[in-house]
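For the working numbering, add 45 to where a residue sits in the sequence shown, where the first one is 1.
Down below is the structure, laid out as structure tokens.
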Amino acid sequence: MQIKWPNGCKSAAMFTFDLDGDIIWQNMSAGEPHADQLIRARSIGQYGPNRCVDMILDLLDKYGVKATFFVPGYVAEHNPAVIQKIAAAGHEIGNHGYTHERFVEKSREEQIEIIEKTQKIIKEITGKAPVGFRTPSGDWAVETPYLLEERGFSYSSSMRGDDRPYHTVLDGRVTDFIEIPSKWELDDYVAQAYSIYPAEPAGLDRISCYRNVQDTYLREFRGYHRYGLCISFLMHPQISGAPGRNLILEEILKEVTSHPDVWIATGAEIADWWRATYPTDPQ
């Protein structure tokens, strides 16, 4: 079945950025001796809000694209001016946990505390509570979608099991809580986050060839567009905002925006459209 998109568009595209800052580096080094003194590693993450966000915002403005930034509460708390700048440029801010926790390891009560804490922080900074959520570390617990729906979230962009949005089913009940899936092959961190640790499996480069990464993104987009689907690019400012990789992002923006029949939208816009157009998912 051919999906209907606004204004007769053939496909949809969503540009998303996880502004993780240095909290993931703090998490990774938490068990190391003198972890609080591992300043170099943390500086990699701080490069995201300190420098890369501006380069990404400039590019998005150049191509007239509105994106969705998923932000941990801790990062928002420590970079309020950056969050205000993103929101002032018309981009969406989504909830991304508080300290990039693995929700699958948290109790129901802990998850509620994390979700609500970040909602409060972002609302205090921007004047608006997020309606979108992306689970940190790529996993959520069984209870998580229930907790999000109960708290009035419009959508999540956390799962991997489709190339179209869909209504989340909870205990056999089709809800209006929409999932907008992304994929690992559209995640810049998987391919381009340099690691000082030995590559796995042995023999792989610690960072992928830029040409190959760009080619992957463009081929995925062309495939999604050909079949009229919804592509969700999953990027991180500390990765895709760096000068050389920023050129990859520009090539993707250039290609996607060159198609007048691609609807480029934020997560909130896509979720609202899907909910209104497809009260139940098409087969």
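Even glycine gets a Cβ: it sits at the ideal position worked out from N, Cα and C.
Fair warning: this is a prediction, and the values are worked out from it, not measured in the lab.
Rounded to whole angstroms, the separation of the alpha carbons of valine 258 and valine 176 is 31 Å. With distances taken between CA atoms, serine 203 lies nearest to Thr180 out of Ser253, Val187, Thr180. With contacts defined by Cβ atoms closer than 8 Å, alanine 134 and alanine 310 do not form a contacting pair. Residue pairing by DSSP leaves tyrosine 143 without any beta bridge partner.
The DSSP-derived three-state label of isoleucine 276 is strand.
By the criterion of a C-beta distance shorter than 6 Å, lysine 55 is surrounded in its chain by Gly273, Asp306, once the five residues flanking it on both sides are discounted. Here glycine 90 is buried. Its C-beta has 16 or more other C-beta atoms within 10 Å. For isoleucine 131, the CB contacts under 6 Å within the same chain, skipping 5 residues up- and downstream, are Phe114 in chain order. The secondary-structure analysis by DSSP pairs tyrosine 119 with nothing; it has no beta-bridge partner. Counting C-beta pairs closer than 8 Å gives three or more between the stretch 145-153 and the stretch 181-194, which meets the contact rule.
For aspartate 216, there is no enclosing beta strand (DSSP E), as DSSP gives it neither H nor E.
Bounds of the beta strand (DSSP E) holding threonine 61 are 56-63. For leucine 298, the closest of Asp106, Glu154, Ile159 by C-alpha to C-alpha distance is Asp106. Taking the Cα of glutamate 195 as reference, the smallest distance to any Cα among Gly206, Ile170, Thr171, Phe222 is reached at Phe222. For glycine 66, the number of other beta carbons within 10 angstroms of its own is at least 16, and it is reported as buried. In the DSSP assignment, tryptophan 319 falls within the unbroken alpha helix (DSSP H) covering 312-322.
With distances taken between CA atoms, arginine 218 lies nearest to Pro190 out of Pro190, Gly93, Val116, Gln47. Cβ neighbours of glutamate 230 within its own chain (closer than 7 Å, five residues either side excluded): Thr261, Glu265. Between tyrosine 119 and isoleucine 68, the gap from beta carbon to beta carbon is short of 8 Å. Comparing alpha carbon positions, the residue from Arg153, Glu158, Ala126, Glu154 closest to asparagine 140 is Glu158.
DSSP places glutamate 194 in the helix class (H, G or I) of the three-state scheme. Excluding its 5 nearest sequence neighbours in each direction, glutamine 164 has C-beta neighbours in its own chain below 7 Å: Asn140, Ala174, Pro175, listed in chain order. The Cβ neighbour count for serine 152, taken over all protein chains shown within 10 Å, is under 16; the residue is labelled exposed. Boundaries cannot be given for valine 176, as no alpha helix (DSSP H) includes it and DSSP labels it neither H nor E.
By the neighbour-count criterion, in which 16 or more other beta carbons inside 10 Å mark a residue as buried, serine 199 falls on the buried side.
For the stretch 251-312, the full-length beta strand (DSSP E) segments reaching 3 residues or more read 275-280, 307-309 along the chain. Taking tyrosine 211 as the centre and dropping the five residues before and after it, the same chain places the C-beta of Glu224, Asp326 closer than 6 Å to its C-beta, in chain order. In the DSSP assignment, aspartate 184 falls outside any alpha helix (DSSP H) and carries neither an H nor an E. Its Cα nearest to that of leucine 263, the residue Leu294 stands out among Ser253, Leu294, Gln47.
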